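Visitor: Residue numbering for the sequence shown follows the working numbering, beginning at 469 and increasing consecutively.
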Amino acid sequence: MDGTFELHQGKPQPRLTVIKKLKEGEYPPEKFFNFSNYPIEDMVNKVYEIIETIKNPFLKTLLEKIFKNEETLEKIKITPAGKKVHHVSIGGLLEHTLGVVEICEVVVKRYKKLNRDLLITAALLHDIGKIFEYKLTNTFDITDEGKLLGHVYLGVEFVSKIIDSIEGFPKNLKLKLLHCILSHQGEYEFGSPKRPKTLEAAALHLADSLDAKLKSFEEFIDRELEEGSTWTKVHPAYMVPIYYNEED
469 MDGTFELHQG
479 KPQPRLTVIK
489 KLKEGEYPPE
499 KFFNFSNYPI
509 EDMVNKVYEI
519 IETIKNPFLK
529 TLLEKIFKNE
539 ETLEKIKITP
549 AGKKVHHVSI
559 GGLLEHTLGV
569 VEICEVVVKR
579 YKKLNRDLLI
589 TAALLHDIGK
599 IFEYKLTNTF
609 DITDEGKLLG
619 HVYLGVEFVS
629 KIIDSIEGFP
639 KNLKLKLLHC
649 ILSHQGEYEF
659 GSPKRPKTLE
669 AAALHLADSL
679 DAKLKSFEEF
689 IDRELEEGST
699 WTKVHPAYMV
709 PIYYNEED
(Lines of atoms letter the chains of each structure in order from A and count residues from 1; the text may use other names and numbers.)
(Lines give C-alpha, C1' and ligand atoms only; values in the text may rest on other atoms or scores of the structure.)
Protein backbone atom coordinates (compact mmCIF):
# COMPACT_ATOMS: atom_id res chain seq x y z
CA MET A 1 0.00 0.00 0.00
CA ASP A 2 1.31 3.45 -0.90
CA GLY A 3 -0.13 6.91 -1.04
CA THR A 4 0.06 10.48 0.14
CA PHE A 5 -1.52 12.82 2.65
CA GLU A 6 -3.23 15.84 1.14
CA LEU A 7 -5.14 18.71 2.63
CA HIS A 8 -8.87 18.85 2.05
CA GLN A 9 -10.80 21.77 3.50
CA GLY A 10 -7.87 22.40 5.81
CA LYS A 11 -7.71 18.84 7.13
CA PRO A 12 -5.24 16.05 6.26
CA GLN A 13 -6.73 13.39 4.04
CA PRO A 14 -5.02 10.14 2.97
CA ARG A 15 -4.99 9.36 -0.73
CA LEU A 16 -4.10 5.81 -1.74
CA THR A 17 -2.24 5.46 -5.02
CA VAL A 18 -1.13 1.82 -4.93
CA ILE A 19 -2.66 -1.27 -3.33
CA LYS A 20 -0.83 -4.53 -3.87
CA LYS A 21 -1.73 -7.94 -2.52
CA LEU A 22 1.50 -9.49 -1.30
CA LYS A 23 2.21 -13.16 -1.76
CA GLU A 24 3.64 -15.37 0.94
CA GLY A 25 7.36 -14.70 1.18
CA GLU A 26 7.07 -11.06 0.04
CA TYR A 27 6.57 -9.70 3.55
CA PRO A 28 7.94 -10.41 7.04
CA PRO A 29 5.02 -12.23 8.72
CA GLU A 30 6.26 -11.36 12.21
CA LYS A 31 5.21 -7.75 11.54
CA PHE A 32 1.56 -8.81 11.81
CA PHE A 33 1.63 -10.85 15.03
CA ASN A 34 1.72 -10.30 18.75
CA PHE A 35 5.02 -10.98 20.49
CA SER A 36 5.64 -12.51 23.88
CA ASN A 37 6.04 -9.95 26.66
CA TYR A 38 9.46 -11.46 27.32
CA PRO A 39 12.38 -10.69 24.97
CA ILE A 40 13.03 -13.75 22.84
CA GLU A 41 16.82 -13.70 23.21
CA ASP A 42 16.47 -13.46 26.99
CA MET A 43 14.29 -16.57 26.94
CA VAL A 44 16.78 -18.43 24.74
CA ASN A 45 19.57 -17.56 27.16
CA LYS A 46 17.42 -18.82 30.03
CA VAL A 47 16.98 -22.13 28.21
CA TYR A 48 20.76 -22.39 27.85
CA GLU A 49 21.18 -21.71 31.58
CA ILE A 50 18.74 -24.50 32.38
CA ILE A 51 20.51 -26.93 30.06
CA GLU A 52 23.75 -26.28 31.96
CA THR A 53 22.09 -27.54 35.16
CA ILE A 54 21.30 -30.96 33.65
CA LYS A 55 23.74 -33.50 35.10
CA ASN A 56 22.78 -36.54 33.03
CA PRO A 57 25.19 -36.43 30.06
CA PHE A 58 22.77 -38.10 27.64
CA LEU A 59 19.90 -35.71 28.39
CA LYS A 60 22.23 -32.71 28.28
CA THR A 61 23.61 -33.79 24.90
CA LEU A 62 20.07 -34.26 23.59
CA LEU A 63 19.05 -30.76 24.66
CA GLU A 64 22.17 -29.21 23.17
CA LYS A 65 21.63 -30.97 19.85
CA ILE A 66 18.13 -29.50 19.68
CA PHE A 67 18.43 -26.00 21.14
CA LYS A 68 21.87 -25.26 19.69
CA ASN A 69 20.89 -26.28 16.18
CA GLU A 70 20.50 -22.98 14.33
CA GLU A 71 17.63 -24.08 12.06
CA THR A 72 15.67 -25.65 14.91
CA LEU A 73 16.25 -22.69 17.21
CA GLU A 74 14.95 -20.20 14.64
CA LYS A 75 11.73 -22.20 14.42
CA ILE A 76 11.45 -22.36 18.20
CA LYS A 77 11.84 -18.57 18.47
CA ILE A 78 8.85 -17.73 16.26
CA THR A 79 6.46 -20.56 17.11
CA PRO A 80 3.40 -19.90 19.28
CA ALA A 81 2.31 -22.35 21.95
CA GLY A 82 -1.24 -22.24 20.64
CA LYS A 83 -3.39 -20.87 17.87
CA LYS A 84 -6.36 -19.72 19.95
CA VAL A 85 -6.23 -20.76 23.61
CA HIS A 86 -2.91 -19.75 25.22
CA HIS A 87 0.46 -18.12 24.47
CA VAL A 88 -0.80 -17.03 21.05
CA SER A 89 2.25 -15.00 20.10
CA ILE A 90 5.64 -15.13 18.48
CA GLY A 91 7.85 -16.47 21.25
CA GLY A 92 4.82 -18.07 22.85
CA LEU A 93 6.32 -21.55 22.72
CA LEU A 94 9.45 -20.38 24.53
CA GLU A 95 7.42 -18.50 27.13
CA HIS A 96 5.16 -21.49 27.79
CA THR A 97 8.11 -23.89 27.91
CA LEU A 98 9.91 -21.79 30.51
CA GLY A 99 6.70 -21.43 32.50
CA VAL A 100 6.31 -25.20 32.64
CA VAL A 101 9.97 -25.60 33.64
CA GLU A 102 9.57 -23.10 36.49
CA ILE A 103 6.55 -24.98 37.84
CA CYS A 104 8.39 -28.29 37.57
CA GLU A 105 11.34 -26.84 39.50
CA VAL A 106 9.00 -26.08 42.41
CA VAL A 107 7.34 -29.50 42.27
CA VAL A 108 10.61 -31.43 42.18
CA LYS A 109 11.70 -29.85 45.47
CA ARG A 110 8.56 -31.19 47.17
CA TYR A 111 8.41 -34.71 45.70
CA LYS A 112 11.75 -36.40 46.25
CA LYS A 113 11.16 -39.43 44.02
CA LEU A 114 11.01 -37.23 40.93
CA ASN A 115 14.02 -37.40 38.62
CA ARG A 116 14.83 -33.72 38.11
CA ASP A 117 16.95 -34.15 34.99
CA LEU A 118 14.27 -36.23 33.31
CA LEU A 119 11.42 -33.93 34.33
CA ILE A 120 13.16 -30.70 33.28
CA THR A 121 14.26 -32.24 29.97
CA ALA A 122 10.69 -33.38 29.33
CA ALA A 123 9.41 -29.90 30.20
CA LEU A 124 11.82 -28.30 27.73
CA LEU A 125 10.79 -30.73 24.98
CA HIS A 126 7.12 -31.51 25.65
CA ASP A 127 5.81 -29.13 22.96
CA ILE A 128 8.74 -29.26 20.54
CA GLY A 129 6.47 -30.82 17.92
CA LYS A 130 4.72 -27.46 17.58
CA ILE A 131 7.62 -26.17 15.48
CA PHE A 132 6.36 -28.60 12.83
CA GLU A 133 2.65 -28.12 13.60
CA TYR A 134 2.45 -24.34 13.16
CA LYS A 135 3.54 -22.00 10.40
CA LEU A 136 3.33 -18.26 9.86
CA THR A 137 1.33 -17.09 6.86
CA ASN A 138 -1.03 -14.18 7.33
CA THR A 139 -1.98 -15.82 10.62
CA PHE A 140 -0.82 -18.62 12.88
CA ASP A 141 -1.71 -21.51 10.61
CA ILE A 142 -1.46 -25.29 10.92
CA THR A 143 0.71 -27.30 8.57
CA ASP A 144 -0.46 -30.43 6.77
CA GLU A 145 1.69 -32.46 9.18
CA GLY A 146 0.04 -30.71 12.09
CA LYS A 147 -3.44 -31.43 10.81
CA LEU A 148 -2.73 -35.08 9.99
CA LEU A 149 -0.36 -36.06 12.80
CA GLY A 150 -0.45 -33.41 15.55
CA HIS A 151 2.33 -31.93 17.63
CA VAL A 152 2.50 -34.79 20.14
CA TYR A 153 3.41 -37.39 17.51
CA LEU A 154 5.64 -34.94 15.65
CA GLY A 155 7.52 -34.15 18.84
CA VAL A 156 8.02 -37.79 19.78
CA GLU A 157 9.24 -38.60 16.28
CA PHE A 158 11.67 -35.67 16.26
CA VAL A 159 13.12 -36.33 19.71
CA SER A 160 13.37 -40.06 19.03
CA LYS A 161 15.48 -39.43 15.93
CA ILE A 162 17.85 -37.14 17.82
CA ILE A 163 18.16 -39.69 20.63
CA ASP A 164 19.05 -42.39 18.12
CA SER A 165 21.96 -40.25 16.93
CA ILE A 166 23.48 -40.21 20.44
CA GLU A 167 25.69 -43.22 20.98
CA GLY A 168 24.89 -45.22 24.10
CA PHE A 169 21.69 -43.36 25.02
CA PRO A 170 20.02 -45.67 27.58
CA LYS A 171 16.95 -47.47 26.25
CA ASN A 172 14.94 -47.05 29.45
CA LEU A 173 15.75 -43.34 29.66
CA LYS A 174 14.53 -42.90 26.09
CA LEU A 175 11.34 -44.79 26.94
CA LYS A 176 10.59 -42.66 29.99
CA LEU A 177 11.30 -39.37 28.20
CA LEU A 178 9.18 -40.23 25.18
CA HIS A 179 6.35 -41.32 27.49
CA CYS A 180 6.43 -37.91 29.16
CA ILE A 181 6.10 -36.17 25.80
CA LEU A 182 3.48 -38.60 24.54
CA SER A 183 1.26 -38.26 27.62
CA HIS A 184 1.69 -34.60 28.53
CA GLN A 185 -1.87 -33.65 27.55
CA GLY A 186 -3.12 -36.05 30.18
CA GLU A 187 -6.40 -37.46 28.97
CA TYR A 188 -7.58 -39.08 25.75
CA GLU A 189 -10.29 -36.47 25.27
CA PHE A 190 -7.62 -33.73 25.28
CA GLY A 191 -5.70 -35.41 22.48
CA SER A 192 -3.28 -37.42 24.60
CA PRO A 193 -2.36 -40.78 23.01
CA LYS A 194 -1.45 -42.09 26.48
CA ARG A 195 -2.27 -41.18 30.07
CA PRO A 196 0.67 -40.38 32.36
CA LYS A 197 2.05 -43.52 33.98
CA THR A 198 5.22 -42.23 35.68
CA LEU A 199 5.87 -39.61 38.34
CA GLU A 200 7.60 -37.34 35.84
CA ALA A 201 4.84 -37.70 33.25
CA ALA A 202 2.16 -36.86 35.83
CA ALA A 203 4.10 -33.83 37.07
CA LEU A 204 4.70 -32.61 33.53
CA HIS A 205 1.04 -32.92 32.56
CA LEU A 206 -0.15 -30.94 35.56
CA ALA A 207 2.52 -28.25 35.14
CA ASP A 208 1.64 -27.92 31.45
CA SER A 209 -2.06 -27.65 32.22
CA LEU A 210 -1.52 -25.07 34.96
CA ASP A 211 0.67 -22.79 32.87
CA ALA A 212 -1.59 -23.04 29.83
CA LYS A 213 -4.81 -22.38 31.74
CA LEU A 214 -3.55 -19.44 33.77
CA LYS A 215 -1.99 -17.80 30.71
CA SER A 216 -5.21 -18.34 28.78
CA PHE A 217 -7.20 -16.70 31.58
CA GLU A 218 -4.78 -13.74 31.67
CA GLU A 219 -4.92 -13.23 27.92
CA PHE A 220 -8.71 -13.48 27.92
CA ILE A 221 -9.01 -10.92 30.72
CA ASP A 222 -6.70 -8.51 28.89
CA ARG A 223 -8.64 -8.96 25.67
CA GLU A 224 -12.26 -9.21 26.82
CA LEU A 225 -12.71 -7.50 30.20
CA GLU A 226 -14.51 -4.23 29.60
CA GLU A 227 -13.60 -1.14 31.60
CA GLY A 228 -15.61 -0.95 34.81
CA SER A 229 -16.63 -4.61 34.66
CA THR A 230 -15.41 -7.49 36.82
CA TRP A 231 -16.66 -10.29 34.55
CA THR A 232 -15.64 -11.39 31.09
CA LYS A 233 -17.91 -13.15 28.67
CA VAL A 234 -17.77 -16.95 28.59
CA HIS A 235 -14.30 -18.27 27.76
CA PRO A 236 -14.81 -20.41 24.62
CA ALA A 237 -12.24 -23.05 25.63
CA TYR A 238 -13.17 -23.44 29.30
CA MET A 239 -16.87 -22.58 29.02
CA VAL A 240 -16.97 -20.22 32.01
CA PRO A 241 -16.95 -16.45 32.44
CA ILE A 242 -13.92 -15.18 34.37
CA TYR A 243 -14.20 -12.93 37.42
CA TYR A 244 -11.36 -10.44 37.91
CA ASN A 245 -11.39 -7.76 40.59
CA GLU A 246 -8.13 -6.28 41.88
CA GLU A 247 -9.77 -4.90 45.03
CA ASP A 248 -9.14 -6.74 48.32
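Here a beta-carbon is modelled for each residue, glycine too, at the ideal position from N, C-alpha and C.
Since we're looking at a predicted model, the values are computed, not measured.
Once you ignore the five residues that flank Val627 on each side, which residues in its own chain have a CB closer than 8 Å to its CB?
Guide: To locate residue 627, count along the sequence shown from 1; it is residue 159. Same-chain partners within the cutoff: Leu530, Ile534, Leu593, Ile596, Leu645, Leu646 and Ile649.
Visitor: Which class does Ile599 belong to by DSSP, given the choice of helix, strand or coil?
Guide: Residue 599 sits at position 131 when you count from the first residue of the sequence shown. Note: Ile599 maps to helix in three-state DSSP.
Visitor: Indicate the three-state DSSP secondary structure (helix, strand or coil) for Tyr656 in the structure shown.
Guide: For the purposes of this step, residue 656 is identified with residue 188 of the sequence shown, where counting begins at 1. It is helical.
Visitor: Any contact of the region 679-699 with the region 564-582, i.e. 3+ C-beta pairs under 8 Å?
Guide: In short, these stretches touch, since the Cβ pair count reaches three.
Visitor: Could you please give the first and the last residue of the uninterrupted alpha helix (DSSP H) stretch that includes Tyr711?
Guide: For the purposes of this step, residue 711 is taken as the residue at position 243 of the sequence shown. Where Tyr711 is concerned, there is no enclosing alpha helix (DSSP H), although the beta strand (DSSP E) it sits in stretches over Pro709 to Tyr711.
Visitor: Any chance the region 559-568 sits against the region 511-528, with 3 or more Cβ pairs inside 8 Å?
Guide: A contact exists between the region 559-568 and the region 511-528.
Visitor: Can you give the Cα-Cα distance for Ser557 and Lys615, rounded to whole angstroms?
Guide: Reading the sequence shown from its first residue, position 89 is the one you call residue 557. Reading the sequence shown from its first residue, position 147 is the one you call residue 615. So the two alpha carbons sit approximately 20 Å from each other.
Visitor: Under a Cβ-count criterion, where at least 16 other Cβ atoms within 10 Å of its own Cβ denotes burial, should Tyr706 be classed as buried or exposed?
Guide: As a first step, residue 706 must be located in the sequence shown, where it is residue number 238. So Tyr706 counts as exposed.
Visitor: Any idea if Thr547 is buried or exposed, counting beta-carbon neighbours within 10 angstroms, 16 or more meaning buried?
Guide: As a working mapping, residue 547 is identified with position 79 in the sequence shown. Classification of Thr547: buried, given that the 10 Å Cβ count is 16 or more.
Visitor: Which term fits Gly654, buried or exposed, when burial requires 16 or more other beta carbons within 10 angstroms of its beta carbon?
Guide: Position 186 of the sequence shown holds residue 654. Gly654 comes out buried.
Visitor: Say yes only if the C-beta of Glu563 is nearer than 7 Å to one or more non-hydrogen atoms of the ligand COA, and no if none qualify.
Guide: The ligand COA is not part of this structure, which contains no ligands at all.
Visitor: Look up Asp717 in the DSSP assignment and say whether it is helix, strand or coil.
Guide: The question about residue 717 has no answer here: the residues shown for the chain are numbered 469 through 716.
Visitor: Cα-Cα, which of Phe685, Glu715 and Ile631 is closest to Val702?
Guide: Residue 702 sits at position 234 when you count from the first residue of the sequence shown. That would be Phe685, whose Cα lies nearest to the Cα of Val702.
Visitor: Taking the straight line between their C-alpha atoms, what separation do you get for Tyr712 and Lys662?
Guide: The residue labelled residue 712 in the question sits at position 244 within the sequence shown. The residue labelled residue 662 in the question sits at position 194 within the sequence shown. In a straight line, the C-alpha of Tyr712 is about 35 Å away from that of Lys662.
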